[in-house]
Amino acid sequence: MAEQSLKGIGVSDGIRFGSVLLYQPNSASQTPVRETIDPSETDAELSRLQKAKDASYQELEDLVAHTRQTLGEDKAVILQGQQSFLADPSFYPEIERLVSSQHKSAELAVKQIVDQFVMIFESMPQEYMRERASDLKDIGNRMLAHLSGAQGVRLSEIREEIILVADDLTPSDTVQLNRQYVRGILTRIGGKTSHTAILARSLGIPAVLGIGDALDLLHDGDEVILDGTAGLVILNPEESTRQTYEQKQREEADYLKSLEEFQNQPAKTSDGKTFEIAANIGTPAEATAAVEGGAEGVGLYRTEFLFMNATSMPTEDEQFEAYKSVAETMAGRPVVIRTLDIGGDKELPYLSLPHEMNPFLGYRAIRLCLDRPELLSTQLRAILRASHYGKLKVMFPMISNLSEFRQAKAIFREVAEQLRKEGVPFDEAMEVGIMVEIPSAALLADQFAREVDFFSIGTNDLVQYTLAVDRMNEKVAPLYDYFHPAVVHLIHRVIDASHRAGKWTGMCGGMAGDPLAAPLLAGLGLDEWSMDANSIKKVKHKISTLHHEECKQLAEQALQLGTAEEVRALLGGK
Amino acid sequence: MHSQQTTIQNEHGIHVRPAQLLVQTANKFSSDIKLVAEDGRRVEAKSILGIMTLGLTKGAAITIEANGADEEAAVAELVKLFESKFGEE
């Protein structure tokens with residue numbers, strides 16, 4: 001077979017060799033082999049059913065333990081819910097009854113009972129009840145897979161080193177990934193800022209997404225080289241190609257090794273200017289990884305994971321425990337907590353939000369929270385209470401005008417006042433800032449700077465909104481570029497406005513973790529840089545090679561340029 | 001047999017968490033306990049799936065029926081749970 005090079009979007013750096021494992025989550029849905037059994041076979045059928053149930057239960061048990069270890073308690077809870085259905089007196093005993101009294105096959109019995117509940121749940125008006133239907137289907141598929149004996153691939157059970165190839169990976173797929181065995185990820189759809197990309201980077205798994213129909217060229221066991229840095233996959237590599245990539249891989253390993261000494265050092269330029277380097281996290285468990293990776297703080301704690309993986313709204317105490325645990329893990333290092341950023345594409349089953357045509361411009365984040373202020377006040381109470389245990393700061397996402405900030409700040413003040421009255425301790429000096437991800441907020445940075453304590457620039461959305469590029473659409477991916485001079489100007493404007501007002505600016509989007517952007521951001525005077533824990537040593541190293549005064553001149557030049565390509569060229573990139 | 005009627009008072013009705021609380025509470029008793037909806041549908045109070053299929057929303061009436069050694073205590077405690085709105089605000 002001839003060598004073939006396939007182009008996708010490189011979203012997580014690194015080179016990996018391996019054989020392909022095709023993952024098709026729905027391939028396990030088979031029709032029953034037969035519908036009824038002979039009465040004499042009843043006992044055998046019941047024992048087959050029992051085995052499938054026990055195996056499914058055990059599988060969930062393993063999955064719960066694995067998930068709890070890798071991703072924290074909140075994600076383990078969903079799977080525990082499925083386990084409780086398996087143990088429910090209205091579920092399994094009913095399946096058994098169909099086999100023993102009506103002599104149906106185990107497969108048909110499982111299907112009938114599952115379908116019966118699915119139908120009931122799907123007809124309910126509440127979104128969070130309809131969601132239960134998918135839990136039941138999942139259990140049904142699990143049992144059917146065990147009954148057929150021919151199981152589909154289960155991500156949590158992969159025990160050999162492979163390159164995982166799939167159309168797309170859902171959040172519940174990705175929580176099961178074991179980085180020890182999954183050496184690389186390749187998908188048909190997705191881009192730089194899709195969920196899979198963010199997760200691949202935080203796990204340090206090289207990934208190429210958005211490869212399109214070229215995916216159909218791949219089969220189980222095919223030998224490939226995946227280059228997550230260049231966004232390339234080489235199918236059936238020739239010996240000479242293999243050698244080239246082995247060399248590249250060695251160089252990359254040497255480079256990473258050489259960076260280790262920078263990991264736990266401050267990020268300091270050759271002329272002595274230091275910058276604060278922080279990590280982006282989504283769960284308390286990731287805070288530990290952030291500290292190990294050399295983070296001097298958390299620049300973005302995405303609280304929505306706590307909400308997205310629950311079956312009902314997390315209570316104030318549940319939130320408090322999560323925030324407190326992050327505050328304590330970070331041991332006095334600053335932690336910027338972003339308030340709930342859901343709605344649009346990130347749904348909460350128990351909130352029953354309407355489906356929108358244009359979710360990124362819709363009812364989400366602070367817009368939703370100001371409309372349902374009890375969500376925000378509960379979260380702010382939990383954050384304020386946790387602030388007693390470390391150094392917490394709070395920021396509001398998707399702010400497009402000053403009134404929104406004022407309303408949110410008023411709720412913050414009310415909640416603080418209540419706590420004061422109740423005698424609950426909290427940090428009276430807690431900083432309150434905004435995320436700058438909408439161009440209107442960047443343009444009015446001077447006005448905002450009088451009222452906020454800090455800015456954090458979310459480049460992922462800022463680029464999408466400034467350049468009118470859907471960041472989930474691989475067809476327009478080449479247009480998505482944070483080196484576009486318009487974006488650079490907005491960043492410049494925000495940083496300058498904050499400094500004029502004696503405030504500071506951070507950045508928590510993908511740009512902050514890109515070593516190529518470092519001279520530009522240093523020159524623009526970015527105070528706090530927040531990124532995936534894996535990028536920290538690369539960026540710290542890059543900063544150590546820079547001269548701050550030269551970077552300032554470079555930034556001045558960049559602001560004069562007309563295209564993203566010119567900015568990249570100025571920075572020495574391709 | 002002992003029974004008593006009560007009303008769903010919590011804002012979001014009987015979603016997963018209240019259903020879990022109901023099952024946990026019902027399991028503390030040896031009696032056979034049923035929930036009966038206004039339309040006559042009757043489910044096992046020790047089954048979370050059963051309870052959720054009733055799709056109980058705020059304002060719905062529900063009858064708790066218990067049969068067994070601790071039937072009175074079971075009904076009393078379950079009614080209390082409904083009245084406390086399952087600890088929700």
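Heads up: the protein sequence lines correspond to chains A and B, in order. Counting in full-length UniProt numbering, the first sequence runs from 1 upward without gaps. Counting in full-length UniProt numbering, the second sequence runs from 1 upward without gaps. Note that CB positions come from ideal geometry on N, CA and C, so glycine has one too.
Kindly list the residues whose CB is nearer than 7 Å to the CB of residue 31 of chain A, restricted to its own chain and excluding five residues on each side of it in sequence; keep chain order.
Per-residue confidence for residue 31 of chain A stands at a pLDDT of 48, beneath the threshold of 50, marking its modelled position as unreliable; no derived number is given.
What is the residue span of the beta strand (DSSP E) that residue 4 of chain A lies within?
Run containing residue 4 of chain A: 4–7, per the beta strand (DSSP E) assignment.
Could you pull the DSSP bridge partners for residue 66 of chain B from this structure?
Looking at the DSSP assignment, residue 66 of chain B forms a beta bridge with B/2 and B/33.
For residue 451 of chain A, I'd like the list of residues in its chain whose CB is within less than 8 Å of its CB, leaving aside the five on either flank, ordered along the chain.
Taken in chain order, the residues that qualify are 402, 405, 406 and 409.
Ends of the beta strand (DSSP E) at residue 391 of chain A?
Its beta strand (DSSP E) spans residues 391–396.
Spell out whether any CB of chain B is found under 7 Å from the CB atom of residue 124 of chain A.
Chain B, which has a Cβ nearer than 7 Å to the Cβ of residue 124 of chain A, makes this yes.
Using a Cβ-Cβ cut-off of less than 8 Å, give me the residues of the stretch 4–29 of chain B that come near chain A, in sequence order.
Residues 12, 13, 15, 16, 17 and 20.
When DSSP labels each residue in this structure, what does residue 267 of chain A get in the three-state scheme?
It is a strand residue.
Excluding five sequence neighbours on each side, which residues of the same chain lie with their C-beta closer than 8 Å to the C-beta of residue 99 of chain A?
These residues qualify, in order along the chain: 37, 42, 45, 46, 49, 105, 106 and 109.
Just tell me which of A/282, A/317, A/472 and A/368 has its CA closest to the CA of residue 335 of chain A.
Per the Cα distances, A/282.
What does residue 47 of chain B touch in chain A if you count any residue whose Cβ is under 7 Å from its own?
What residue 47 of chain B touches in chain A: 88, 89 and 90.
Between which two residues does the beta strand (DSSP E) carrying residue 18 of chain A extend?
From DSSP, the beta strand (DSSP E) with residue 18 of chain A extends over 15–23.
Considering just the uninterrupted stretch of the beta strand (DSSP E) at residue 165 of chain A, what are its terminal residues?
Per DSSP, residue 165 of chain A belongs to the beta strand (DSSP E) from 162–166.
On the DSSP letters alone, give me the boundaries of the alpha helix (DSSP H) that residue 482 of chain A sits inside.
First-last for residue 482 of chain A: undefined, no H or E at that position.
Taking only beta-carbon atoms, is residue 28 of chain A less than 7 Å away from chain B?
Bear in mind that a pLDDT of 42 at residue 28 of chain A, under 50, signals an unreliable position, so the number given afterwards is only what the model happens to contain. No, because no Cβ of chain B sits closer than 7 Å to the Cβ of residue 28 of chain A.
Please identify the residue among A/160, A/441, A/94 and A/101 whose C-alpha is closest to the C-alpha of residue 498 of chain A.
The option with the nearest alpha carbon to residue 498 of chain A is A/441.
Apart from the five residues on each side of it in sequence, which residues of its chain come closer than 8 Å, Cβ to Cβ, to residue 210 of chain A?
For residue 210 of chain A, where only same-chain residues beyond five positions count, the Cβ hits under 8 Å are 8, 9, 187, 188, 189, 190, 191, 474 and 477.
Evaluate contact between the stretch 231–238 of chain A and the stretch 251–267 of chain A, counting only Cβ atoms and requiring at least three cross-stretch pairs below 8 Å.
Cβ pair count under 8 Å is below three, so no.
Between residue 439 of chain A and residue 465 of chain A, which are expected to be in contact by the criterion C-beta below 8 Å, what is the C-beta distance as a whole number of angstroms?
Confirmed, about 6 Å.
Quick one: Cα of residue 45 of chain B to Cα of residue 303 of chain A, how far?
Going by the C-alpha atoms only, they are around 35 Å apart.
What is the rounded straight-line gap between the Cα of residue 82 of chain B and the Cα of residue 27 of chain B?
Each residue's Cα considered, the two are about 16 Å apart.
Look up residue 227 of chain A in the DSSP assignment and say whether it is helix, strand or coil.
Looking at residue 227 of chain A - three-state DSSP - the assignment turns out to be strand.
Short check: CB of residue 284 of chain A to CB of residue 322 of chain A, under 7 Å?
Yes, these two residues count as a Cβ contact at 7 Å.
Using a Cβ cut-off of 7 Å (strictly closer), state whether residue 312 of chain A contacts chain B.
Taking Cβ atoms only, chain B reaches closer than 7 Å to residue 312 of chain A, which makes this a yes.
Does the CB of residue 44 of chain B have a neighbour CB from chain A at under 7 Å?
Chain A, which has a Cβ nearer than 7 Å to the Cβ of residue 44 of chain B, makes this yes.
Using a C-beta cutoff of 7 Å, does residue 55 of chain B count as contacting chain A?
So, interface residue.
With H, G and I counted as helix, E and B as strand and the rest as coil, what does DSSP make of residue 386 of chain A?
Of the three classes helix, strand and coil, the one that applies to residue 386 of chain A here is helix, per DSSP.
When Cβ atoms are compared, which residues of the stretch 471–493 of chain A fall closer than 9 Å to chain B?
Listed by position along the chain: nothing, the set is empty.
Only counting the same chain, and skipping five residues up and downstream in sequence, which positions put a Cβ closer than 6 Å to that of residue 556 of chain A?
Taken in chain order, the list of residues that qualify is empty.
I need the DSSP call for residue 183 of chain A, collapsed to helix, strand or coil.
DSSP places residue 183 of chain A in strand when its eight states are reduced to three.
Under the rule that 16 or more other beta-carbon atoms within 10 Å means buried, what is residue 398 of chain A, buried or exposed?
Buried, since its Cβ has 16 or more Cβ neighbours within 10 Å.
Can residue 369 of chain A and residue 361 of chain A be called in contact, C-beta distance under 7 Å?
Contact flag unset, no.
Quick one: give me the first and last residue of the beta strand (DSSP E) that residue 44 of chain B is part of.
Element bounds for residue 44 of chain B: 42–44.
Does any residue of chain B bring its CB to less than 7 Å from the CB of residue 255 of chain A?
False, the Cβ-Cβ gap to chain B never drops below 7 Å.
In three-state terms, what does DSSP make of residue 401 of chain A?
Coil at residue 401 of chain A, not helix or strand.
Helix, strand or coil, according to DSSP, for residue 85 of chain A in the structure here?
Note: residue 85 of chain A maps to helix in three-state DSSP.
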